[in-house]
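Engineer:
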Amino acid sequence: MARTNEIDEGFYSRQLYVLGHEAMHRMGRAEVLIAGMKGLGVEIAKNVILSGVKSVTVQDEGQAEWSDLSSQFFLKEDDLGQNRATGSLPQLSALNPHVLVSAHTGPLNEDLLQKYQVVVLTDSSLDDQKRFGDFCHTRGIKFIVTDTKGLCGQLFCDFGEEFEVLDQDGEMPASLMIDRITKDNPGVVICADDQKHGLFDGSKVIFSEVQGMTELNSIGPVEIKVCGQHSFSICDTSSFSEYERGGVVTEVKQPLVLNFKPLSEAVNDHQLLIMNDYGKIARHNTLHLAFQALHGFVKKEQRLPQSWSQSDADLLLNMVKELNLVAKLEEVDEAALRSFCFTARGDLAPMNAFFGGLAAQEVIKACSGKFTPLQQWLYFDALECLPEDGGCLKESLFSPKGTRYDAQIVVFGSEFQQKLLRQKYFLVGAGAIGCELLKNFALIGLGAGDEGHITVTDMDFIERSNLNRQFLFRSKDIGKPKSEVAAKAVAEMNPQIKITAHQNRLDPDSEGLYDYSFFMGLDGVAAALDNVEARVYLDKRCVQHQKPMLEGGTLGSKGHTLVVVPHLTESYGPAKSSSGNAIPLCTLKNFPHRIEHTLQ
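Be aware that the sequence shown starts at 594, since it is given in the numbering used here, and climbs by one per residue.
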């Protein structure tokens, strides 16, 4: 796609269902710069390269260190001391033959930035964020900043003064059957009462197949005003013919123009914080100041706060209080602020995976004009992972050990790391989510100790369409078993991991292999399945043997996760009956009037 206008439909087939050809063509013209090739930067680069932009340049001046290996999955122990961008380049280039990938090992400057349509900064200073943010804003370059520190992360977007969103949600336009239309000023359209129209004031619609009031079939998009769940008003229909019967009304998607502030202004605007957890409003407002204060701390002390250092936490708290004289937050979450400071040296693979996914999705929005972008700040934390009582805070437990897990040990301590290494886990599914889980398992050291082990099973073989999102596979692997190739790939990321690959379907026929003794030897199960029946069956087995189950799934740009813990949470449970959108049998039999009815 970097060289021709043709989209490789075999490679991008699943993504085309979500984005469509026009959006993919726009992405195929976009050149993206990603600065910083630690764990977060490589995660964004991997996702953006797979998505199919024209080119990606990865920039980093730094050399690989032990602490990078806790989340940088394309660097190996042999790369220590080498530049992170050039060390990652061979693996990144192999992800997608259609995308030109290059490395830049010099510093960031305006001359470099102006060559790109989208610029992403990771692991950057606040001064650089403001300087380059202002430069990009004035030149219409889409600008994204993201960072993770331990168990906290931030994401910022500035897509310029006037950014046009061509499709706000990616959903199919609403299509509704008409029951009747009044001859009035304004005319009111009443839809068939088996479905809510789901339209909003200002939505635009077109009419077709209307009998009687045929004038509606030939007029352009009409703006509507909602009257009720099944009705809305349109233009003056008093001079039109009398409505007789039939007709379909179809929503016409309208572009939306959004205005963004540059980071130098947006940093002082708490109204731009998008809340994603209404139980954490005070915490996320505090984190907005905490990240700013941390930049000030690093600038002054030339280092990050020491792990679990009370004196550094006191210093950061005072800096936040000073910032709050201007911000005037009603409540500063001091406990969260201290935890943020204690763990700021951490660089955690799961946090980088989460923010790397979000940031890459914003890059796709910037390039394609599809889906509504973030306006403009987002914070997320997983501070619940820390012991509620603070745990045993011996500084020696959190000091670096010269291992690949150092950036994780500074957060959780060496005893917790040993516990991770001893875990025995069963992963069912090695597709898109399975590949991501295996990568994270390898990075955190799950099952990588003498007593630990991971068993992965997947009955599928690799197809070409898998390569676009199942990043452990390459063209040479087509036709091979997914589980075997995935297991081999993560063993290269972390040679210490103990992993066995199976090609078995998980169902009653495999209970001879996955029996009582197998399940009782596990610490937990992860489900990366693509159908409800298999999830229900695996959940039943986990309940039976009282084992925790971690479950997740995606559908287009939507996704979900579920954590099932015996005696603590609800289980996945039997297959639930479908929602209120179920189609009544009488409608199917006597009056099938929608595409879904025909399919049913």
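Glycine is no exception: its CB is placed at the ideal position from the N, C-alpha and C atoms. All figures in this text were calculated on a predicted structure; none of them were measured in a lab.
1. Below 8 Å on the Cβ atoms is my guess for W970 versus Q722; work out the distance and round it to an integer in Å.
2. Just to confirm, are A1023 and A1079 a CB contact at a threshold of 8 Å?
3. Just curious, the beta strand (DSSP E) that T843 is in, first and last residue?
4. Considering just the uninterrupted stretch of the beta strand (DSSP E) at L1060, what are its terminal residues?
5. For Q1139, count neighbouring Cβ atoms within 10 angstroms of its own Cβ and tell me buried if that reaches 16, exposed if not.
6. Could you give the C-beta distance for E844 and S796, rounded to a whole number, given that I count them as a contact under 8 Å?
7. Are at least three pairs of beta-carbons, each pair with one atom in the region 937-948 and one in the region 827-843, less than 8 Å apart?
8. So, under 8 Å CB-CB, A953 and S644 are touching, yes? Tell me the CB distance rounded to an integer number of Å.
9. Going by DSSP, what residues sit across from A1120 in a beta bridge?
10. Does the distance from the CB of S824 to the CB of C784 come in under 8 Å?
11. Pick helix, strand or coil for I867, following the three-state DSSP scheme.
12. Please specify which runs of the alpha helix (DSSP H), each continuous and at least 4 residues long, are wholly inside the region 995-1059, giving them in chain order.
13. Where M594 and K994 are concerned, what is the direct C-alpha to C-alpha distance, given to the nearest angstrom?
14. Run through the DSSP bridge pairs and tell me what Y972 is partnered with.
15. Which of helix, strand or coil does DSSP assign to P1074?
16. Applying the 10 Å Cβ sphere with the 16-neighbour rule, what's the burial state of L744?
17. May I ask you to report which of helix, strand or coil DSSP gives H823?
18. Touch check for the region 686-693 and the region 704-721: three-plus C-beta pairs under 8 Å?
19. Using 8 Å as the threshold, is the C-beta distance between N1059 and E636 below it?
20. Evaluate contact between the region 913-922 and the region 875-887, counting only Cβ atoms and requiring at least three cross-stretch pairs below 8 Å.
21. Please classify Q822: is it buried, with 16 or more other beta-carbons within 10 angstroms of its beta-carbon, or exposed?
22. Check the Cβ-Cβ distances between V841 and every residue of chain C, and say whether any is below 8 Å.
23. Provide the residue(s) that pair with V781 in DSSP beta bridges, ordered along the chain.
24. H877 and Y972: beta carbons closer than 8 Å?
25. According to DSSP, is R596 helix, strand or coil?
26. Going by DSSP, what residue range makes up the alpha helix (DSSP H) through I637?
27. Which stretch, first to last residue, makes up the beta strand (DSSP E) that contains M806?
28. Using a Cβ-Cβ cut-off of 6 Å (strictly less than) and excluding sequence neighbours within five positions of F890, which residues of its own chain qualify?
29. Quick one, are the C-beta atoms of F736 and V712 less than 8 Å apart?
30. Assuming the contact rule is C-beta atoms closer than 8 Å, P1157 and C1135 should be a hit. Round their C-beta distance to whole Å, please.
31. Can you tell which of Q1016, E808, Q1001 has its C-alpha closest to the C-alpha of S660?
32. If you reduce the DSSP assignment to three classes, tell me which class N911 lands in.
33. If you draw a straight line from the C-alpha of Q1011 to the C-alpha of A975, how long is it?
34. Quick one: Cα of E615 to Cα of F604, how far?
35. Determine, using beta carbons only, whether L1195 and I1047 come nearer to each other than 8 Å.
36. Relative to the alpha-carbon of F667, which residue among T739, M630, Q903, D653 has its alpha-carbon at the smallest distance?
Structural biologist: In this structure, then:
1. About 12 Å separates the two Cβ atoms, so there is no contact after all.
2. yes
3. 841-845
4. Neither: L1060 is in no beta strand (DSSP E) and is coded neither H nor E.
5. Counting Cβ neighbours within 10 Å, Q1139 comes out exposed, since fewer than 16 surround it.
6. Correct: roughly 6 Å between the Cβ atoms.
7. With a cut-off of 8 Å, the region 827-843 and the region 937-948 do not count as touching, because too few Cβ pairs lie within range.
8. Confirmed, about 7 Å.
9. V1021, E1144
10. In this structure, C784 lies closer than 8 Å to S824 by Cβ.
11. strand
12. Secondary structure within the region 995-1059: the alpha helix (DSSP H) runs of 4 or more consecutive residues, fully enclosed, are 999-1005, 1007-1015, 1025-1037 (chain order).
13. For M594, the pLDDT reaches just 40, beneath the cut-off of 50, and the residue's location in the model is therefore unreliable, leaving the point undetermined.
14. Q747
15. strand
16. buried
17. coil
18. Fewer than three Cβ pairs drawn from the region 686-693 and the region 704-721 lie within less than 8 Å of each other, which leaves the two stretches out of contact.
19. no
20. yes
21. exposed
22. Going by chain labels, chain C is absent from the structure shown, which holds only one protein chain.
23. S826
24. Yes, Cβ-Cβ distance for H877 and Y972 is below 8 Å.
25. The pLDDT assigned to R596 is 44, lower than 50, so where the model puts this residue is not dependable; a value taken from the coordinates is nonetheless given after this. Look at R596 here: in three-state DSSP terms it is coil, with no helix or strand label.
26. Note, I637: alpha helix (DSSP H), 632-644.
27. Note, M806: premise wrong, no beta strand (DSSP E); not H, not E.
28. L909
29. yes
30. A small fix is needed here, since residue 1157 is Val in this sequence, not Pro. With 8 Å as the limit, V1157 and C1135 qualify as a contact, their Cβ atoms being about 7 Å apart.
31. Q1001
32. helix
33. 21 Å
34. 16 Å
35. Since the first residue shown for the chain is 594 and the last is 1193, residue 1195 is missing from the structure and cannot be characterised.
36. The option with the nearest alpha carbon to F667 is M630.
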